[in-house]
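Numbering (the working numbering), first residue to last: 14 to 415. Ideal placement from N, C-alpha and C gives every residue a C-beta, glycine not left out. Inspection log for the structure reproduced underneath, given as structure tokens.
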């Protein structure tokens with residue numbers, strides 16, 4: 014136990030240093046502007062928005078599991094409802110932090126408050142994410158009281174469940190309602206996002222539960238992990254079906270603008286990420302988790318959960334950038350770079366390109382480290398109820414706290 018406590022302390026120190034590194038990189042970006050990133054006039058969204066999409070989904074998946082436990086009265090899920098809410102809260106905070114970083118200056122958030130444009134899906138997202146964070150905090154508060162009020166928990170759960178679906182749907186509509194981007198403009202965009210939120214969020218919850226179990230902070234029965242793994246493989250199949258439907262809808266009519274995007278997805282610059290999703294996000298986890306004996310092996314479940322998240326991350330990358338590679342500028346000389354350079358030869362571009370810089374990578378690592386630190390702190394605060402990171406919470410005790 015002391016070894017685990019010592020290892021945890023070392024891990025916390027490392028995470029703290031990485032968080033400081035990320036804050037330093039953000040300070041550098043604030044001082045020098047968004048020009049230090051790989052974003053440009055052609056590719057105006059980069060790795061920050063890809064990570065934002067990922068973390069909104071990770072958050073939604075966690076809250077759906079926790080609220081479903083109360084709404085549908087699933088006793089086994091009630092055991093993990095509290096860590097699921099903690100995980101959901103941390104993920105939505107990190108998602109919001111990526112938006113603030115992407116704005117270039119945090120003071121620009123006041124423009125959204127002082128001059129809201131409610132016809133824009135971007136503003137819808139701000140509203141629903143704020144509501145979502147508030148719901149998570151209220152939910153966690155009522156769960157953590159010495160004598161939880163079942164009636165209030167049921168009311169909050171009934172609000173939280175549709176809100177969790179809505180938060181990722183609104184994020185999807187930011188893309189799906191853009192008629193000028195053939196790779197995004199689709200009625201299936203919201204179902205695609207929700208499906209990937211379910212499998213990635215559930216996968217992260219499984220990883221978090223196994224980590225807490227090994228650190229002796231929260232005990233989870235092996236049978237419950239197997240049940241969650243069975244639910245995960247079901248969500249993976251649903252997500253794969255939606256992706257197949259979207260690709261078929263683009264492929265069958267053969268419309269040129271859609272085919273340009275499809276070619277980039279399957280054999281162009283975005284192909285490694287598209288096939289990464291297919292292999293890591295669908296094929297491998299399905300082949301592992303479809304067998305009951307594998308679902309009873311926590312090492313296999315952990316591996317499958319990790320690659321599911323990697324697959325969903327690949328999905329966010331190809332979805333975001335495939336529609337930036339070929340901007341819709343027919344009849345125009347291109348998209349201006351905003352400057353003239355001898356290496357370009359001119360100031361116009363008909364094809365987008367993007368690669369994250371060291372600043373973006375450092376900020377992302379710092380954000381991930383901050384999220385891990387926050388989750389560890391909140392888990393210690395609300396699961397163990399002690400300043401020591403080692404106490405065990407028994408499943409029966411957690412169920413009684415419900």
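Note on geometry: alpha-carbon atoms of residue 255 and residue 78 lie some 21 Å from one another.
Of the residues assessed, residue 200 falls on the exposed side of the cut-off, its CB having fewer than 16 other CB atoms within 10 angstroms. One thing to note: residue 223 has its Cβ within 7 Å of the Cβ of residue 315. Secondary structure of residue 93 (DSSP, three-state): coil.
For residue 37, there are no CB contacts under 7 Å within the same chain when 5 residues up- and downstream are skipped.
When rounded, the separation of the alpha-carbon atoms in residue 139 and residue 306 is 43 Å. Ranking 31, 117, 67, 232 by CA distance to the CA of residue 96 puts 232 first. Here residue 348 carries a strand assignment [DSSP, helix/strand/coil]. The region 126-137 and the region 73-91 do not touch, with fewer than 3 CB-CB distances between them shorter than 8 Å. Just so you know, the alpha carbons of residue 311 and residue 109 end up roughly 32 Å apart.
With distances taken between CA atoms, residue 313 lies nearest to 297 out of 22, 297, 338. Within the region 212-269, not a single complete beta strand (DSSP E) segment reaches 3 residues in length. DSSP places residue 119 within a helical segment (H, G or I) once states are collapsed to three. Two segments are said to touch when three or more pairs of C-beta atoms, one from each, lie closer than 8 Å; by this definition the region 166-173 does not touch the region 195-215.
A Cβ-Cβ separation of about 25 Å leaves residue 277 out of contact with residue 182 under the 8 Å criterion.
For residue 138, the enclosing alpha helix (DSSP H) starts and ends at 134-156. Counting along the chain, residue 61 sits inside the alpha helix (DSSP H) bounded by residues 60-84. Of all alpha-carbon atoms in 382, 370, 389, 119, the one lying nearest the alpha-carbon of residue 50 is that of 370. Around the beta carbon of residue 39, a 10 Å sphere encloses 16 or more other beta carbons of the protein chains shown; the residue is thus reported as buried. Within the same chain, Cβ atoms closer than 7 Å to the Cβ of residue 329 are found at 63, 66, 67, the five residues on either side in sequence being excluded. Contact between the region 68-76 and the region 96-105 is present: three or more C-beta pairs spanning the two stretches fall below 8 Å.
Just so you know, the alpha carbons of residue 382 and residue 20 end up roughly 16 Å apart.
Beta-carbon to beta-carbon, residue 203 and residue 185 are separated by about 4 Å, close enough to satisfy the 8 Å threshold. Looking at 59, 393, 237, 326, the one whose alpha-carbon comes closest to that of residue 115 is 59. The C-beta distance from residue 34 to residue 378 rounds to 7 Å, short enough to fall under 8 Å. The C-beta separation of residue 324 from residue 299 comes to about 11 Å, leaving the pair out of contact by the 8 Å criterion. Between residue 318 and residue 220, the CB-CB gap stays under 7 Å.
Around residue 282, the same chain offers 338 as residues with beta carbons nearer than 7 Å, after the five sequence neighbours per side are excluded. Separation of residue 284 and residue 23 (C-alpha to C-alpha, rounded to the nearest whole angstrom) is 39 Å. Annotated as proximal: residue 42 and residue 372, with beta-carbon spacing under 7 Å. For residue 54, no alpha helix (DSSP H) run applies, since DSSP gives it neither H nor E. One alpha carbon belongs to residue 55, the other to residue 227, and they sit about 46 Å apart.
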